[in-house]
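Line by line, the protein sequences give chains H and S. Residues in the first sequence are numbered from 2 upward in steps of one, following my numbering. Residues in the second sequence are numbered from 109 upward in steps of one, following my numbering.
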Amino acid sequence: MNHKSLTVTLLALVLLASAAQPTIAHHSVPVNFDQSREITIEGVLTDIKWVNPHAHFRVNVTEAGGSVIEWLVEMGAANTMKRAGFPMERFVVGDRVTIIGNPGRRDRTILLNETVLKDGTRMTPTMRPRTPDGAGSAN
Amino acid sequence: MRSTARTLLLAFVVIATGWTTDAAAQRVAPPVPAGQPDLSSSNWIAGGGPTVFNDWVFTDAGKKRFEAYDFKKDDPAYGCIGASWTRIYLNPNVVIQVTQGTDFVRLQYEWMDIDRRIPLIDPTVANPKRANVPGHPALGYSAAWYDGETLVIDTVDVEPGYITTMVERAGMPQSRRMHTVERLRRQGDVLTIQTTHVDAANYRTPVETVIRYRATDWELMHYGCTPEEAAVVSPR
């Protein structure tokens, strides 16, 4: 797969419903995102907002045909991520990132479960490793 | 003279340090007034145990309102609005701080920077003094008292909206007629919060939720929600 091309890869990881339970208490995450599936997108950060109630990125993703489309990457509250020690300073507009997460029920939206920086560093919003039961994923 | 100057300099340093102290600095809770349960010697955060919802019965009109809810546009949080006390307590990962006084109780919720100072009243008195929350008119007018070890908060005159916007209960409506009672009781490091909503316009039975918080060392942080950012839910 082309490194720079769109990698909206439906992993078809049909997680057991119970795997999402650690996040079930979170505001309206299950309402807004399909936590039974995960997808991966790769693109260039164009906007970074460390805000409450949801931090978010905008990422330009280049499709196979060459056209560029914007995705909105949603995260938990910036305050929660600060408490978890999430290294916000490592995200810079213009950098290439990979986002792994649950697809939104709105087009081109995704809830970040894990991100991979250009140097290969992987991290979750909670700064805990992901486990099969979903721990460490979206807070 | 030199001594005075030193004192002034010291005072300045103390004040300046206080001004620049990070919001996360440990606070020292004021003493709990005699006769009141201790709810304020630690802060609280979600995660003290399972949340339990009761079964409820909609009125016909309530069911229509519930079915008409559209999460893509109706969630009051998109406008930084805390719609109901149940919705507020259901929000995870934000801190609640309680301050107890002889004639008031103050609850500060990190979520949406809700700062609630409620008068303590005699619940048997007619038309007691109530207080609303500055900046959050949707949340109604509250009065409080202690029932033994339990803090009871009684709220009326909320704005129409939604009791909760979460999961399969997203869109449970509330009307101007809704009456809310919160019961907060501490057992060790767990704070149990029971909310009861009676809203005859939308439900034939009370809506009850039990939510458990745990003691935390985290301090309150500024939330700073703005509708412009909270409403960002789609790419451009």
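Where is the CB? At the ideal position from N, CA and C, for every residue including glycine. In this text, all values refer to a predicted model and were calculated from it rather than measured experimentally.
In angstroms, rounded to a whole number, what distance separates the CA positions of residue i and residue j?
i: Met-124(H); j: Thr-116(H); result: 6 angstroms
i: Val-213(S); j: Thr-304(S); result: 19 angstroms
i: Tyr-331(S); j: Gly-102(H); result: 25 angstroms
i: Val-306(S); j: Arg-291(S); result: 14 angstroms
i: Tyr-197(S); j: Gly-66(H); result: 47 angstroms
i: His-287(S); j: Gly-121(H); result: 53 angstroms
i: Asn-162(S); j: Ile-271(S); result: 14 angstroms
i: Glu-90(H); j: Tyr-186(S); result: 26 angstroms
i: His-4(H); j: Asp-35(H); result: Low local confidence applies: a pLDDT of 48 at His-4(H) is under 50, so the model's placement there is unreliable, with the coordinate-based value given in what follows. Whole-angstrom Cα-Cα distance: 26 angstroms.
i: Asp-178(S); j: Leu-259(S); result: 35 angstroms
i: Arg-284(S); j: Ser-192(S); result: 12 angstroms
i: Val-318(S); j: Trp-253(S); result: 19 angstroms
i: Phe-1(H); j: Asp-48(H); result: No answer is possible for residue 1(H): the residues shown for chain H start at 2 and end at 140.
i: Arg-195(S); j: Glu-64(H); result: 39 angstroms
i: Tyr-176(S); j: Glu-71(H); result: The question names Tyr, yet the displayed sequence has Ala at residue 176(S). Rounded to the nearest angstrom, the two C-alpha atoms are 30 angstroms apart.
i: Asp-168(S); j: Ala-308(S); result: 11 angstroms
i: Thr-365(S); j: Asn-310(S); result: With chain S covering only 109 through 344, there is no way to say anything about residue 365(S).
i: Arg-277(S); j: Lys-181(S); result: 16 angstroms
i: Val-52(H); j: Thr-313(S); result: 38 angstroms
i: Arg-109(H); j: Asn-240(S); result: 40 angstroms
i: Val-94(H); j: Gly-44(H); result: 11 angstroms
i: Thr-300(S); j: Arg-107(H); result: 36 angstroms
i: Ala-246(S); j: Leu-118(H); result: 42 angstroms
i: Thr-232(S); j: Thr-41(H); result: 59 angstroms
i: Gln-282(S); j: Trp-164(S); result: 13 angstroms
i: Val-275(S); j: Pro-200(S); result: 14 angstroms
i: Arg-322(S); j: Val-140(S); result: 19 angstroms
i: Gly-105(H); j: Pro-130(H); result: 23 angstroms
i: Val-32(H); j: Ser-148(S); result: 34 angstroms
Kindly say whether residue i, judged by its beta-carbon, lies nearer than 8 angstroms to any beta-carbon of chain H.
i: Phe-179(S); result: yes
i: Ser-342(S); result: yes
i: Ala-176(S); result: no
i: Tyr-311(S); result: no
i: Asp-130(S); result: Residue placement at Asp-130(S) cannot be trusted, given a pLDDT of 39 that sits under 50; what the coordinates show is reported in the next sentence. Not an interface residue.
i: Val-202(S); result: yes
i: Glu-290(S); result: no
i: Ala-338(S); result: yes
i: Glu-267(S); result: no
i: Asp-347(S); result: The first residue shown for chain S is 109 and the last is 344, placing residue 347(S) beyond what the model contains.
i: Glu-257(S); result: no
i: Met-109(S); result: Below a pLDDT of 50, predicted positions are generally treated as unreliable, and Met-109(S), at 41, falls in that range; no measurement from the model is reported.
i: Pro-335(S); result: no
Using the rule of at least 16 other Cβ atoms within 10 Å of the residue's Cβ for burial, across every protein chain shown, is residue i buried or exposed?
i: Pro-343(S); result: buried
i: Ser-29(H); result: buried
i: Ala-251(S); result: buried
i: Val-203(S); result: buried
i: Glu-75(H); result: buried
i: Asp-183(S); result: buried
i: Asn-1(H); result: Outside the shown range of chain H, which is 2 to 140, sits residue 1(H), and nothing can be said about it.
i: Arg-135(S); result: exposed
i: Gly-296(S); result: exposed
i: Arg-104(S); result: Beyond the ends of chain S as shown, which are 109 and 344, falls residue 104(S); an answer cannot be given.
i: Val-206(S); result: buried
i: Thr-263(S); result: buried
i: Asp-325(S); result: exposed
i: Thr-10(H); result: Residue confidence is low: Thr-10(H) scores 43 on pLDDT, short of 50, so the model does not pin down where it sits. No coordinate-derived value is stated.
i: Gly-279(S); result: buried
i: Pro-54(H); result: buried
i: Glu-257(S); result: exposed
i: Asn-235(S); result: exposed
i: Pro-335(S); result: exposed
Please tell me whether residue i has its Cβ less than 8 angstroms away from any Cβ of chain S.
i: Val-45(H); result: no
i: Val-117(H); result: no
i: Arg-59(H); result: yes
i: Pro-126(H); result: no
i: Pro-130(H); result: no
i: Ser-37(H); result: no
Hey, would you say the C-beta of residue i is under 7 angstroms away from at least one heavy atom of the ligand HEM?
i: Val-341(S); result: With respect to small molecules bound, the structure shown includes none, and the ligand HEM cannot be examined in it.
Interfacial residues, the region 67-89 of chain H to chain S, with Cβ spacing under 8 angstroms: Ile-70, Glu-71, Trp-72, Leu-73, Glu-75, Gly-77, Ala-78, Asn-80, Thr-81, Lys-83 and Arg-84
Where the region 94-118 of chain H meets chain S: residues whose CB sits under 7 angstroms from a CB there: Arg-107, Arg-109 and Thr-110
Residues, ordered as in the chain, of the region 269-287 of chain S that lie near chain H by beta-carbon distance below 7 angstroms: Thr-273, Met-274, Val-275 and Ala-278
Residues of the region 226-255 of chain S with Cβ closer than 7 angstroms to any Cβ of chain H, in chain order: none
Runs of beta strand (DSSP E) lying entirely within the region 137-198 of chain S, each at least 3 residues, in chain order: 151-154
Residues from the region 308-332 of chain S in contact with chain H, defined by Cβ distance under 7 angstroms: Trp-326, Met-329, Tyr-331 and Gly-332
Segments of 3+ residues assigned as beta strand (DSSP E) that fall wholly inside the region 200-239 of chain S: 204-208, 212-217 and 222-227
Unbroken stretches of the beta strand (DSSP E), 3 residues or longer, contained in the region 268-298 of chain S: 269-272, 280-282 and 287-295
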